[in-house]
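If you read the sequence shown in the UniProt record's numbering, its first letter stands for residue 1, the second for the next number, and so on. Every residue gets a Cβ at the ideal spot worked out from N, C-alpha and C, and that includes glycine.
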Amino acid sequence: MHSLTQEIRSFSRKNLKKQCTRVTTLTGKRIIETWKDARMQVVEEAEPSDGFGCGYVQDLSLDLQVGVIKPWLLLGSQDAAQDLETMKKYGVTHVLNVAYGVENAFPNDFIYKNISILDLPETDITSYFPECFEFIEQAKMLQMVLVIFLNGSEIFHLTGPLARSQTKMQASQSLFKDGVVLVHCNAGVSRAAAIIIGFLINSEGLNFARAFSWVKNARPAICPNPGFMEQLHKYQECSKKANGSINDHK
C-alpha cells in the first residue's frame, strides 16, 4: 500500500474532475457555478421550457381583497389598485401608492400620491409617516362635487375647491361626498399595512397591539417585516410621550 506521503506527492490537479454547482435562487433563477483556473465562473442557466422553474409555487391569482379600515380608509394590493371595477366598488377617490416600481393605473380617474418605499427591515418607514398621513387626512376631507345639467343632461363636472367657488352658478346641482383613500404597496402586506398601523397609532391614540389587530381584522394577510414591526413599537412610545397617553380601549 502506498503511504499517505506518497499519495500526496503523486497528487496532480490534472486528475481532478471538473465539478459545477447548480443554485436556484428564491426568485426561481438557476445559476451554474464552475471553477476554472482558480476562478469561479457563474453562468445563468436557461429557463426550462415546462415553465416550472421557480423555487416556490407561484400564485397567479389576483388579490382583489380590500381591507376596510374605516369607511374612507382602505388597504389593498397593487392588484386592487389596478382593477377599475374594484376601485369604483369601494368609491375610491384618492390613492396612496407606496410601492416601488408600480405605476398608477388610472391617473385621470383618481388623485394619486406616490412615495416609493423599499420593503426592507432597514428602511426607516417612520420617516415617511408625515407625508403619508398628510395625504390621508386630505383625502378624508369633505369633497364637493358640482354637476351642471342642461336639459337633463350632464355637461360639466367639477370636484374640489373649484367646485366650491361655483356654487352660485345657475342650472347646477351640488353634491357633497367624503373622499375615500386606498393605501397600497405591491402585495398590501408590509409597507401599506405599516403606514396604516402608524396612522391609527397617531390619529386614534391606539397602542401598537390595538392598531395592528384593527388592520389585521380588516385584511388578514398583513405581515409587516420585522424591521417595520420594531419601528412601529418604538413609534408607539414616541406618540405616547408626545400625546401624553395611549388609548388601549378603542
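>> Judging by CA-CA distance, which residue of V68, T21, I8 is the nearest neighbour of K216?
In response: Among V68, T21, I8, the Cα nearest to that of K216 belongs to V68.
>> By alpha-carbon positions, which one of H94, L64, F228, H233 ends up nearest to M141?
In response: H94
> Looking at C-alpha atoms only, which residue of Y100, S12, A187 is the closest neighbour of L60?
Replying inline: A187
>> Taking only three categories from DSSP, how would you classify G91?
In response: coil
>> Going by beta-carbon coordinates alone, are V183 and V98 separated by less than 8 Å?
In response: yes
> When you compare each of I222, E237, Q231 to G205 by their alpha carbons, which one comes out closest?
Replying inline: E237
> Where are the alpha helix (DSSP H) runs, 4 residues long or more, that stay fully inside the UniProt domain "Tyrosine specific protein phosphatases" (181-222), in chain order?
Replying inline: You should have 191-204, 208-218.
>> Suppose contacts are defined by Cβ-Cβ distances below 8 Å. Is L75 in contact with I201 by that definition?
In response: No, the Cβ-Cβ distance between L75 and I201 is not below 8 Å.
>> Within the continuous beta strand (DSSP E) that includes N114, where are the two ends?
In response: 111-114
> In whole angstroms, what is the alpha-carbon distance linking E103 and L73?
Replying inline: 21 Å
> Between which two residues does the alpha helix (DSSP H) carrying I136 extend?
Replying inline: 129-140
> Using DSSP with H/G/I as helix, E/B as strand and the rest coil, what is L73?
Replying inline: DSSP, reduced to helix, strand and coil, places L73 within a strand of the structure shown.
>> Short of 7 Å in beta carbon distance, which residues of its chain neighbour A105, apart from the five on each side in sequence? Order them along the chain.
In response: A81, Q82
> In terms of residue numbering, what span does the alpha helix (DSSP H) encompassing residue 257 cover?
Replying inline: Since the first residue shown for the chain is 1 and the last is 250, residue 257 is missing from the structure and cannot be characterised.
> Going by the beta-carbon positions, is the gap between T126 and G227 smaller than 8 Å?
Replying inline: Contact flag unset, no.
> If you count every other CB in all the chains shown that lies within 10 Å of the CB of T5, and 16 or more means buried, which is it?
Replying inline: It counts as exposed.
>> Let me confirm a value: I86 is counted as buried when at least 16 other C-beta atoms fall within 10 Å, else exposed. Which label applies?
In response: Just to set this straight, residue 86 is Thr in the shown sequence, not Ile. It is buried - the Cβ of T86 has at least 16 other Cβ atoms within 10 Å.
>> Taking the alpha helix (DSSP H) that S79 belongs to, which residues open and close that run?
In response: A quick correction: the sequence has Asp, not Ser, at residue 79. Residues 78-81.
> Where I8 and T21 are concerned, what is the direct C-alpha to C-alpha distance, given to the nearest angstrom?
Replying inline: 26 Å
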